[in-house]
Every structure is written in C-alpha cells, then in structure tokens.
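**Q** All letters in the sequence shown, in the order written, are residues 26 to 490 by my numbering. Backbone N, C-alpha and C define an ideal beta-carbon position, used for all residues, glycine too. Computed from a predicted structure; not experimentally measured.
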Amino acid sequence: ALRLAFFSKLEFFSVAGLDRVGIDWRVLLFTLASAAGATLFFGIAPAAASARADLNDALRSGGRGATSSDRGRFRSTLIVVEVALSLILLTGAGLLAKSFAALLSVNPGFQPERLLAAGLTLPRTQYRSTEQAAEFYDTLLERARALPGVRSAAITDTVPLTGDDNRFGIKIDGRTAGPDERWRMHPRLVSSGYLETMGIALLQGRTFSVSDAAGNIPVAIVSENAARRYWPDGRALGRRFAFDAEHAPWIEVIGIAAPVHNRALDEESTPDVYVPLRGNPFGYPPTEVALMLRTGDSPTSLGSALRATVSSLDRTLAISRIQSMEAYVADSVAPKKFNLVLLGIFAVLAVALAAAGLYGVMTYLVSRRSGEIGIRMALGARQGDVLRLVIGNGLALAGIGVAIGLAASFVATRFMTSLLFGVRPFDPLVFAAVPALLIAVGALASFVPARRASRVDPLEALRIE
Numbered sequence: 026a027l028r029l030a031f032f033s034k035l036e037f038f039s040v041a042g043l044d045r046v047g048i049d050w051r052v053l054l055f056t057l058a059s060a061a062g063a064t065l066f067f068g069i070a071p072a073a074a075s076a077r078a079d080l081n082d083a084l085r086s087g088g089r090g091a092t093s094s095d096r097g098r099f100r101s102t103l104i105v106v107e108v109a110l111s112l113i114l115l116t117g118a119g120l121l122a123k124s125f126a127a128l129l130s131v132n133p134g135f136q137p138e139r140l141l142a143a144g145l146t147l148p149r150t151q152y153r154s155t156e157q158a159a160e161f162y163d164t165l166l167e168r169a170r171a172l173p174g175v176r177s178a179a180i181t182d183t184v185p186l187t188g189d190d191n192r193f194g195i196k197i198d199g200r201t202a203g204p205d206e207r208w209r210m211h212p213r214l215v216s217s218g219y220l221e222t223m224g225i226a227l228l229q230g231r232t233f234s235v236s237d238a239a240g241n242i243p244v245a246i247v248s249e250n251a252a253r254r255y256w257p258d259g260r261a262l263g264r265r266f267a268f269d270a271e272h273a274p275w276i277e278v279i280g281i282a283a284p285v286h287n288r289a290l291d292e293e294s295t296p297d298v299y300v301p302l303r304g305n306p307f308g309y310p311p312t313e314v315a316l317m318l319r320t321g322d323s324p325t326s327l328g329s330a331l332r333a334t335v336s337s338l339d340r341t342l343a344i345s346r347i348q349s350m351e352a353y354v355a356d357s358v359a360p361k362k363f364n365l366v367l368l369g370i371f372a373v374l375a376v377a378l379a380a381a382g383l384y385g386v387m388t389y390l391v392s393r394r395s396g397e398i399g400i401r402m403a404l405g406a407r408q409g410d411v412l413r414l415v416i417g418n419g420l421a422l423a424g425i426g427v428a429i430g431l432a433a434s435f436v437a438t439r440f441m442t443s444l445l446f447g448v449r450p451f452d453p454l455v456f457a458a459v460p461a462l463l464i465a466v467g468a469l470a471s472f473v474p475a476r477r478a479s480r481v482d483p484l485e486a487l488r489i490e
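And the structure:
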C-alpha cells in the first residue's frame, strides 16, 4: 500500500485511475498465498537434497560433498532462470518504452496547451426547436468569450481523443463509387472559430463566416486526408459532396484543415468534415456539446466562472465535465503508460533479484574454492588471474541466461504487437542493449566476490583447507 501511494505521487508513474486502486482482503490473501507457495516450492528441492545426504560423507568432506555440489548446481540453475526472465521482462519494457516515446511524439493535430473542454447537455424538452438551441449556443459563446483570461471559444459536438467513431456515408458530385468502395466521412458539428480555438491549421481555403449559417448553399471544411482520399486530383476546394441520405443537400468544400486524431493518438486520423453548428445539413443542432476555451493562463481556473455563466443563462443546466485537453491527451496514452510502468517495475525487480542471486552464488563458490584459489596463488597466480577466473564464472552463468532469454524473447515479443506503436517486435536497439545491460550487471555482481577472492591469503586458505 505504501509503494502504491508512493508511485501515485510521482509524475512519471501517475496513471489515470491509479489513485483509486486500493488494497483489499482479496489482494492481501492472494499476496500471502503467492509468497507462501513460492517459499514452499523453492524450499522443497534444498530440503529434499539435505534429507538424502550421507552425514558421514558430509562430515568427512567438511560440508563440501555431493550435497553441497547439488546445492551449487541448483543455485546456478536458478540464476540462469532469473537472468533469462529478467531479459524477457527488460526486452518487453524496452519495446514499450520506445513505443510510448513514439506515441508522445505524435502530433494530435491540435494544440492541447491551455485548452479547456466543458461538457454540456441541453434537454430536448426545453430546447425543442433548432432556433432555440442555436440561440442558446450563440449567447453562451458570446459570454464565454468575455470571461477574463479567455482568448477564444467555440462549440463542438465531438471532443478529440474521446474515441468517437461517428461515420456517415457520402456521395461525391461528378464521381461514382466502385462496387467495393465505401465512401464515408466523420462529421463534426462546430461553431465559428473552432479551428482557431483548437489550434487546427487551415491548409487551404477559408473558415466559416456568419453568412455561411444564413446562406442557401451549405458549406464544409474537410480534413486533408479526406480531401486526398476523395479528391485525388488535389482540387477539393469548390467541389461538392452530400451525405448519403434522402433529400440530403449538396455541400460545398470551402476549406481544407490539418488532420486530427479524434479517436486516439495510436490510431490513424479519421477523414473528418466540419460543418457549421447553425444551419447544418442534418437540420438540427446537437444537444450534447463541448465548450472549448483557449486561455492565456491555467484553463482549469475557469471552472467556477464557467459554471456561473451557464447557470445565468439557464439554472436547470450544469456543466457535466471540465477537463483540460492536456488531460485528454494523458488519458489517451494512459493504457500504454500503465503497461510500461507495470512491466518496467517487474523488470527492474527481476534484474535486482538476478544481480543479488548472482552475487550470492559467486560468494558461495568463492568460499568453496578458497583452497583452490590459495593453491593457484601459491603457485604464482596473480590477483588479475583470480579476478578473471571468478568474473568469468559469473559471466558464464549470465551468458547462458542471456542466450536462453534471447531465444524466449524472440517468441514472446510476437504477442506484444497489439501493445506496440511505431516499433517492431524485433527492434535491433532493444535486442542489443538489453543483453549488454545484463552482461554488465552480471560482471558487476561478480566483481565484489572476485575482488575478495583475489585478496585471499594463500597460507591461511591452505591452513583452513
């Protein structure tokens, strides 16, 4: 519980929903059962070996007989397994880290800094007509733009990065879809000033004006990927399309905007079409909208003022959710961040256990071979020779574990494809860096016992032997 509280306070380890995770009796019972089971499992083999030992042989050999050798082999086997598991976990964590870095480098298509989204729902019983809802939105925008610290404001029926997948079939003037083609776009009902408020770049054409809502010709702004897909000749401006519905009017393209990740950062941008909130071709304004505010300071400080503004217009209405777009971005990457943090913690713990185990095994081997080391030094072996001998034994164990771990990682990473973004399961950098790191850890864990062995007094070692 203390570790959970500690990690939740660190910025990197802050994952959406982590503050709501607690320790209950089921988690505690599972932890205790796992600890008891692991203790019994790993204690059976040494206990069985000790029970089968011949006491006379053990006394004659000073505790260094067959039983001691069996224990040494068992410990060495455990170290190899620990190193192999550490490599698998570290490889997975490395792939997730590269994937997370690639995800953070994705341009969402808008500028989330100092941008606030406030949800609002109009009851249909009170706002039955299109004109009533449109007038309310116009008044709300006028007052929101007058709030201190607000630079611009707009209304939309879709907040980016919320997983919206609302699609409509379309038909294009002058073109006919093939038998296997499905022409669809994602409509976004927005007010004037939406692109400017969101920081979405207008690549060609113009934005909406007041006259567009009252005009006889419906207009729209399409995203660049939609223009490229449905008007491959590069001349989308001035062209017409219509939603695939009965009596749907033809809509003229007046602008092309940069693509936006409306569903998630790790998914391709959808082919979007922005249509004016007032006078949209669907014939009705949305009742569930979000008020987007671009501010000069911290956007979350506007919460109380925004609630008061809505209440002054209609006391029956309330803001359902106020959240910065930076928080929406964080929520979008939260699942991958959680996977990275969880696997990273397991990998670090596994490496620490492998290093501690290797240190213990090498210390044990040095104590068993103190007589041999004393003889070698008495015959002229230098400290460097002893260092190489002990560290070489440690690196041999680490090397076997690395080889097994690499083979297992090539298989295990195939099942991580759905968790990765912008990274191949067999990333060369990760598969080169992780084994090198574990070999370095193995050398470091063997160095202290090796240094102790190199300082053995030959006479004292021979006397004890």
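1. Would you kindly work out how many angstroms separate the C-alpha atoms of residue 298 and residue 61, rounded to a whole number?
2. How about residue 181 and residue 63: do their beta carbons lie closer than 8 Å?
3. Here's the rule: buried if 16 or more other CB atoms are within 10 angstroms of the residue's CB, otherwise exposed. What is residue 287?
4. Assuming residue 230 and residue 197 are in contact, meaning their beta carbons sit under 8 Å apart, how far apart are those beta carbons, in whole angstroms?
5. When DSSP labels each residue in this structure, what does residue 303 get in the three-state scheme?
6. Nearest to residue 480 by alpha carbon, out of 403, 436, 449?
7. Could you check whether residue 214 and residue 305 sit closer than 8 Å to each other, using their CB atoms as the reference points?
8. For residue 428, which residues of its own chain have a beta-carbon under 6 Å away from its beta-carbon, when the five flanking residues on both sides are left out?
9. How big is the Cα-Cα spacing for residue 242 and residue 331?
10. Would you grab the beta carbon distance between residue 140 and residue 324 for me? Rounded to a whole angstrom, and I think it's under 8 Å.
11. Can you give me the Cβ contacts of residue 347 inside the same chain, cut-off strictly under 6 Å, excluding the 5 residues immediately before and after it?
12. Touch check for the region 448-461 and the region 117-134: three-plus C-beta pairs under 8 Å?
13. Between which two residues does the alpha helix (DSSP H) carrying residue 359 extend?
14. Answer with buried or exposed for residue 235, where buried requires no fewer than 16 other C-beta atoms within 10 angstroms of its C-beta.
15. In terms of residues, what are the limits of the alpha helix (DSSP H) holding residue 313?
16. From the DSSP output, in three-state form, read off residue 91 for me.
17. Applying the 10 Å Cβ sphere with the 16-neighbour rule, what's the burial state of residue 129?
18. Nearest to residue 154 by CA position, among 293, 276, 145, 312, is which residue?
19. Give me, in chain order, the residues of the same chain whose beta-carbon lies closer than 7 Å to that of residue 455; leave out the 5 immediate sequence neighbours on both sides.
20. Taking Cβ positions, are residue 418 and residue 390 nearer each other than 8 Å?
21. Looking at residue 382 and residue 112, is the spacing between their C-beta atoms short of 8 Å?
22. With DSSP run on the structure shown, which of helix, strand or coil describes residue 29?
23. Here's the rule: buried if 16 or more other CB atoms are within 10 angstroms of the residue's CB, otherwise exposed. What is residue 354?
24. Provide the residue span of the beta strand (DSSP E) that contains residue 210, from first to last.
25. What's the C-alpha gap between residue 358 and residue 374?
26. Quickly, what does DSSP pair residue 298 with across the bridge? List them, please.
27. Let me confirm a value: residue 293 is counted as buried when at least 16 other C-beta atoms fall within 10 Å, else exposed. Which label applies?
28. Expressed to the nearest angstrom, what Euclidean distance is found between the alpha-carbon atoms of residue 431 and residue 108?
29. Should residue 145 go down as buried or exposed, given a rule of 16 or more other Cβ atoms within 10 Å for buried?
30. Secondary structure at residue 113, three-state DSSP: helix, strand or coil?
31. Suppose you measure from the CA of residue 158 to the CA of residue 273; what does that come to, to the nearest Å?
32. How many Å lie between residue 360 and residue 191 at the Cα?
33. Would you mind reading off the limits of the beta strand (DSSP E) that contains residue 229?
34. List, from N- to C-terminal side, the alpha helix (DSSP H) runs of 4 residues or more that fit wholly inside the region 133-217.
35. Looking at the secondary structure, which residues open and close the alpha helix (DSSP H) in which residue 221 lies?
**A** According to the data block:
1. Here residue 298 is taken as the residue at index 273 of the sequence shown, counted from 1. Here residue 61 is taken as the residue at index 36 of the sequence shown, counted from 1. Going from the Cα of residue 298 to the Cα of residue 61 covers about 60 Å.
2. Locating residue 181 in the sequence shown gives position 156, where the first residue counts as 1. Locating residue 63 in the sequence shown gives position 38, where the first residue counts as 1. Note that the C-beta distance between residue 181 and residue 63 is not below 8 Å.
3. The residue you call residue 287 lines up with position 262 of the sequence shown. Counting C-beta atoms within 10 angstroms of its own C-beta, residue 287 has 16 or more neighbours from the protein chains shown and is therefore classed as buried.
4. Your numbering for residue 230 matches position 205 in the sequence shown. Your numbering for residue 197 matches position 172 in the sequence shown. In fact, because the Cβ distance is near 17 Å, the residues do not count as touching under 8 Å.
5. Residue numbering aside, residue 303 sits at position 278 when the sequence shown is read from its first letter. Coil at residue 303, not helix or strand.
6. Taking the first residue of the sequence shown as 1, we reach residue 480 at position 455. Considering only alpha carbons, the answer is 403.
7. Within the sequence shown, residue 305 is the residue found at index 280, counting from 1. Within the sequence shown, residue 214 is the residue found at index 189, counting from 1. Residue 305 places its beta carbon less than 8 Å from that of residue 214.
8. As a first step, residue 428 must be located in the sequence shown, where it is residue number 403. Result list for residue 428: empty, nothing under 6 Å.
9. Residue 242 sits at position 217 when you count from the first residue of the sequence shown. Residue 331 sits at position 306 when you count from the first residue of the sequence shown. When the Cα atoms are used, residue 242 and residue 331 turn out to be separated by approximately 34 Å.
10. What you label residue 140 is simply residue 115 of the sequence shown in a count that begins at 1. What you label residue 324 is simply residue 299 of the sequence shown in a count that begins at 1. That belief holds up - the Cβ atoms of residue 140 and residue 324 are roughly 6 Å apart, short of 8 Å.
11. Counting from one through the sequence shown, the residue named residue 347 turns up at place 322. Cβ-Cβ distances below 6 Å link residue 347 to 143, 328 in the same chain, with the five nearest sequence neighbours on each side left out; the list follows chain order.
12. Three or more Cβ pairs closer than 8 Å define a contact, and the region 448-461 meets that threshold against the region 117-134.
13. Along the sequence shown, one-based indexing puts residue 359 at 334. 350-393 is the extent of the alpha helix (DSSP H) around residue 359.
14. Here residue 235 refers to the residue found at position 210 when the sequence shown is read from its first residue. With a 10 Å radius around the Cβ and a threshold of 16 neighbouring Cβ atoms, residue 235 comes out exposed.
15. Position 288 of the sequence shown holds residue 313. No alpha helix (DSSP H) contains residue 313, which is instead part of the beta strand (DSSP E) from 313-320.
16. Residue mapping note: residue 91 aligns to position 66 of the sequence shown, counting from 1. Residue placement at residue 91 is flagged as unreliable, the pLDDT there being 48, under the threshold of 50; the coordinate-derived value follows with that caveat. It is helical.
17. Stepping through the sequence shown from its first residue, residue 129 is reached at position 104. Classification for residue 129: exposed.
18. The sequence position of residue 154 within the sequence shown is 129, counting from 1. For residue 154, the nearest C-alpha among the options comes from 312.
19. Reading the sequence shown from its first residue, position 430 is the one you call residue 455. Once the five neighbours on either side are set aside, the close Cβ partners of residue 455 are 116, 119, 120, 123.
20. Within the sequence shown, residue 418 is the residue found at index 393, counting from 1. Within the sequence shown, residue 390 is the residue found at index 365, counting from 1. The beta carbons of residue 418 and residue 390 sit closer together than 8 Å.
21. For this step, residue 112 is matched to residue 87 along the sequence shown. For this step, residue 382 is matched to residue 357 along the sequence shown. Against a cut-off of 8 Å, the Cβ pair of residue 382 and residue 112 comes out as no contact.
22. What you label residue 29 is simply residue 4 of the sequence shown in a count that begins at 1. Only weak support is given to the placement of residue 29: the predicted model assigns it a pLDDT of 46, under 50, and the value that follows is read from those uncertain coordinates. Here residue 29 sits in helix by DSSP.
23. Residue mapping note: residue 354 aligns to position 329 of the sequence shown, counting from 1. Residue burial is scored here from C-beta neighbours: residue 354 has at least 16 other C-beta atoms within 10 angstroms and is therefore classed as buried.
24. Looking up residue 210 in the sequence shown gives position 185. Counting along the chain, the beta strand (DSSP E) containing residue 210 begins and ends at 209-215.
25. Your numbering for residue 358 matches position 333 in the sequence shown. Your numbering for residue 374 matches position 349 in the sequence shown. Residue 358 and residue 374 have their C-alpha atoms some 24 Å from each other.
26. By one-based count along the sequence shown, residue 298 stands at place 273. As DSSP reads the structure, residue 298 sits in a beta bridge with 212, 247.
27. Taking the first residue of the sequence shown as position 1, residue 293 is located at position 268. With fewer than 16 neighbouring CB atoms inside 10 Å of its own CB, residue 293 falls in the exposed class.
28. To locate residue 431, count along the sequence shown from 1; it is residue 406. To locate residue 108, count along the sequence shown from 1; it is residue 83. For the pair residue 431 and residue 108, the Cα-to-Cα distance works out to about 10 Å.
29. The count along the sequence shown starts at 1 and reaches residue 145 at position 120. By the neighbour-count criterion, in which 16 or more other beta carbons inside 10 Å mark a residue as buried, residue 145 falls on the buried side.
30. Counting from 1 along the sequence shown, the entry for residue 113 is found at position 88. Reduced to three states, the DSSP call for residue 113 is helix.
31. Residue numbering aside, residue 158 sits at position 133 when the sequence shown is read from its first letter. Residue numbering aside, residue 273 sits at position 248 when the sequence shown is read from its first letter. If you take the alpha carbons of residue 158 and residue 273, they lie about 22 Å apart.
32. Position 335 of the sequence shown, counted from the first residue, corresponds to residue 360. Position 166 of the sequence shown, counted from the first residue, corresponds to residue 191. The straight-line gap from Cα to Cα measures roughly 23 Å.
33. Taking the first residue of the sequence shown as 1, we reach residue 229 at position 204. Element bounds for residue 229: 227-230.
34. The alpha helix (DSSP H) runs of length 4 or more contained entirely in the region 133-217 are, from start to end of the chain, 155-170.
35. Along the sequence shown, read from residue 1 onward, the residue named residue 221 stands at position 196. Unbroken alpha helix (DSSP H) run through residue 221: 219-223.
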